[in-house]
Every structure is written in C-alpha cells, then in structure tokens.
Amino acid sequence: MFHPMDQFIVKPLFGHGPIEFYTPTNVTLWMALAVLATVALFVLGTRGRAIVPSRVQSVAELAYGFIYKMVEDITGHDGVKYFPKIFTLFVFIIFTNYLGLLPMSFTPTSHIAVTAVLGFGVFFAVTILGFVKHGAHFLGLFWMSDAPLILRPIIAIIEVISYFVRPVSHSIRLAGNIMAGHAVIKVFAGFAAIAAISPVSVAAIVAIYGLEVLVAFIQAYVFTILTCVYLKDALHPGH
Amino acid sequence: MATESTADAAHGAADIGACVNDAGSAIGMPQLCVDWMPNQIFWLVVTLVVIYFVLSRIALPRIGGVLAERKGTITNDLAAAEELKAKAVEAEKAYQDALARARTEAAKIVAEARAEIQKDLDAATARADAEIAAKAAESEKRIGEIRAGALDAVTEVAKDTAKELVAALGGKADARSVTAAVTARLKG
Numbered sequence: 004m005f006h007p008m009d010q011f012i013v014k015p016l017f018g019h020g021p022i023e024f025y026t027p028t029n030v031t032l033w034m035a036l037a038v039l040a041t042v043a044l045f046v047l048g049t050r051g052r053a054i055v056p057s058r059v060q061s062v063a064e065l066a067y068g069f070i071y072k073m074v075e076d077i078t079g080h081d082g083v084k085y086f087p088k089i090f091t092l093f094v095f096i097i098f099t100n101y102l103g104l105l106p107m108s109f110t111p112t113s114h115i116a117v118t119a120v121l122g123f124g125v126f127f128a129v130t131i132l133g134f135v136k137h138g139a140h141f142l143g144l145f146w147m148s149d150a151p152l153i154l155r156p157i158i159a160i161i162e163v164i165s166y167f168v169r170p171v172s173h174s175i176r177l178a179g180n181i182m183a184g185h186a187v188i189k190v191f192a193g194f195a196a197i198a199a200i201s202p203v204s205v206a207a208i209v210a211i212y213g214l215e216v217l218v219a220f221i222q223a224y225v226f227t228i229l230t231c232v233y234l235k236d237a238l239h240p241g242h
Numbered sequence: 003m004a005t006e007s008t009a010d011a012a013h014g015a016a017d018i019g020a021c022v023n024d025a026g027s028a029i030g031m032p033q034l035c036v037d038w039m040p041n042q043i044f045w046l047v048v049t050l051v052v053i054y055f056v057l058s059r060i061a062l063p064r065i066g067g068v069l070a071e072r073k074g075t076i077t078n079d080l081a082a083a084e085e086l087k088a089k090a091v092e093a094e095k096a097y098q099d100a101l102a103r104a105r106t107e108a109a110k111i112v113a114e115a116r117a118e119i120q121k122d123l124d125a126a127t128a129r130a131d132a133e134i135a136a137k138a139a140e141s142e143k144r145i146g147e148i149r150a151g152a153l154d155a156v157t158e159v160a161k162d163t164a165k166e167l168v169a170a171l172g173g174k175a176d177a178r179s180v181t182a183a184v185t186a187r188l189k190g
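Line order of the protein sequences matches chains S and A.
Going left to right, the first sequence walks through residues 4 to 242 as the working numbering numbers them.
Going left to right, the second sequence walks through residues 3 to 190 as the working numbering numbers them.
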C-alpha cells in the first residue's frame, strides 16, 4: 500500500545522496520540463512570426493577450512594464500545475516552500516598489481618508493586518489547492485496490481529475490576478 | 537477507533525510520538511530566472511584434478598403454626372434636330403652298379662259343652229337679225 503523501516526496534524480540545495531532484526535473514547455510554446511555437498564426502560435498569442489585458485593466497603463514578470509567474504556475497532472509526476506548486517564495517575492517586490514610488504616501493605503475620523485608526490596524496576511494567503491558497487535489486523487486510488468499491473510486478519480484540470488553471489565474491587484495598490495607493 | 535490506533502507533513509521512514514513505507532510526547502527554493529561483529571460528576451517581444504587425496590417487594409470605397463612390458619381451630361446633350441634340426638321418642313410647306397657289391661280385662269371660250362657242353654235333652224323651216334668215335675237335671248 502506498501513502497518499508519498507523491510529494523530494527525491534526488541520481543515487541516494543527501539533498543539498544544488542536488538535481524531481523538483529540478519537473521545473525543467516547465521551462521546456515554455520554450516549446512561446519560442518554437511563435518562430513563424506569422500574420495569420498557426495553431500553436495562436495559443501563445491568446495567453499573451489574456495576461496583458489583465495587467492593463487592473494596474493601468503604468503597470504594463511589469507585464513580463507577471507573465513569468503565470507561465511557471500553469505549466507546473498541468505537468503535475500527468500520472507519476511531481508538482512543485504543491509545496509551500515554492509558493511561499512566489507569494513573499510578490509581497516584498510590491511593498518596496510602493515605498520607492510614493515614499511615506504609500502608507495612505492604510489610512481611509473617506471613513469617519474615529474609525480611521481601527480601520488602519485592520488594513495593516490584512496587508501582512496577503503573502501567506497568496501562497497557501495555491499550494493548498494543488496539494489537496492531488492527495484526494491518491486517497481514491488507494480505495481502488478494494474490489467492492473500486468502480466508485475510479469514477471519483475521474471526477476529481476533471476538477483538478479546472483548478490547475483557476489557481494560476487567481495567483496572477491577485499579483496584479497588489501591484495596483503599490502603484496607486490612494483609494 | 532481511537484515541487509533493512540496513539498506536505513542507509537510504539516512541519506535522504529525516522526512522519510525506513520503508521510503513520507513522515507527516513532505511540504513541511525543512531539509528539502533549500533545494526547492534554489531550483525555483533558477527556473524563474530562466523562464523570465526566455520570455522577456525572445518570446514576448516576438509575440508583441507579431500582434502589433497584425494590428497594423488590419488597420492598413481597412484604410485601403475605405479608400477604394471612396474611389468607387467617386467613380459612380463621375459616371452619374457623365450620364446626366449625356442625357442633357442628347435632349439638346434632339431639340435642335427637331427645330431643324421643323424649319425644313416649314420651308417645304411654304414652297409647296406657293406652288399650289401658283398652280391654283393658273388653273383658275385657264378655267376662266375655258369658260369664256365655251360661252363664245355656245353663242356661235346657238346662232348657227338658229340660222339652220330658220332655214329648215323655210324662212329666209337674215343673219344679222338672227344673231341679234340669239344674243338677246342669251342675255335674257
């Protein structure tokens, strides 16, 4: 019998040595595959530079247009110069999510260590950017000038707390969703070994898998759109 | 044998770290295994940097260029279509103008031709009238002559006949008195 959490174990690709920070592991392999997928879709797929796009090129253009419009709509025109960074996040998350749905694969985004780097990375980048752009005025984000004067300090405390919770929720949301879905599939797969309930559990695996296909996209989308919202707060702290 | 495999597993477990048990299964949540985190973070940063450079140096400028080029092409094509449409409208207007001009020209020519024909016709009619009048006058004269001639002849015949009748009845016809009688009778 396997353990449902075994799929999240980090293993060295070669030998049994201890896992140093530079050891090539299954994390390395599946992130490298995400890089290859990125290159295949966005570099090889667009090498024709066709005015009338091929199928692969039109998918790449669709992704580009989707995120570009999102960044432009939420952050405004001055946020567009951060588009490549936001697009990098989206592409990384969506490819690791979808590659992680292959049987026997490993999903880097199911690890809090990975998503926390992403989430806190966005948090620090956005906070530093806000102070660099607006200096002390960035603190106006927490000071509701249109609220009654008595309530303003209380609201400010709540706003500060919610601001510092952002990176935590931002990263746990992604890792939690991905991890939970994969674990549930493995739990049902464990039940599939029992003959009496195996049809039910196989049907459940199919259903959960369909849900996970949806979640893989939605979580990448949510992570990206929240990044845009946080960036907007840094660029335009006035409410 | 059993001890060997156990020793192997223990050895392997010791190498992998404290987050995996002797059987190679996870202890608790692998997500919380601190031993693995530096490795994940390191490779994540490497991956993000690689993806960022691939996208920002090659893919995104290319796709942006293609999209801009396509937009430009579409705009140009639309502008060209607009221009062609304007030209077509202009050509149609020119055609209509030419048509209207031709129509007025034709009407003018028709009117001119009609006036000319009318003039000719009038002249010919006048000439014919004059000829007819001349002919009619001539005929009148001749009819008058004929009529006059006929009157003379009738007088002559009447005189002769009267003379002959008088002679036949045994009278001695005095030519002058017969003539006077006939003339008086004719006037009568």
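A virtual CB, placed ideally from N, CA and C, is assigned to each residue, including glycine.
Apart from the 5 residues on each side of it in sequence, Lys189 of chain S sits with its Cβ closer than 7 Å to the Cβ of Pro7, Gln10 in its chain, given in chain order.
At least one C-beta of chain S is nearer than 7 Å to the C-beta of Asn41 of chain A.
With a 10 Å radius around the Cβ and a threshold of 16 neighbouring Cβ atoms, Arg169 of chain S comes out buried. Between Phe191 of chain S and Ile208 of chain S, the C-beta spacing is below 7 Å. Asp154 of chain A has its alpha-carbon roughly 25 Å from the corresponding atom of Lys174 of chain A.
At the C-beta level, Val38 of chain S and Thr49 of chain A come within 7 Å of one another. Against chain A, a Cβ distance below 8 Å from Phe11 of chain S picks out Ala28, Met31, Pro32, Gln33. The shortest CA-to-CA distance from Pro27 of chain S to any of A:Asp124, A:Pro32, A:Leu34, A:Gln42 is the one to A:Gln42.
Sequence-distant partners of Ala223 of chain S (beyond 5 residues in either direction) whose C-beta falls short of 7 Å from its own C-beta, in its chain, are Phe93, Ile96, Ile97, Asn100. With respect to chain A, the C-beta atom of Phe95 of chain S has a partner C-beta closer than 7 Å. Taken in chain order, the complete alpha helix (DSSP H) segments of 4 or more residues contained in the segment 24–56 of chain S are 29–41. According to the DSSP assignment, Gly193 of chain S belongs to the alpha helix (DSSP H) that extends over 155–194. Cβ-Cβ distances below 7 Å link Glu133 of chain A to nothing in the same chain once the five nearest sequence neighbours on each side are left out. Note on geometry: alpha-carbon atoms of Gly79 of chain S and Ala66 of chain S lie some 19 Å from one another.
In the three-state reduction of the DSSP assignment, Ala117 of chain A falls in the helix class. Chain order gives no chain A residues near Tyr101 of chain S, where near means a beta carbon separation below 9 Å; the closest approach is about 15 Å.
For Glu71 of chain A, the C-beta contacts it makes with chain S under 7 Å involve Ile54, in order along the chain. Residue range 39–55 is occupied by the alpha helix (DSSP H) that includes Trp45 of chain A.
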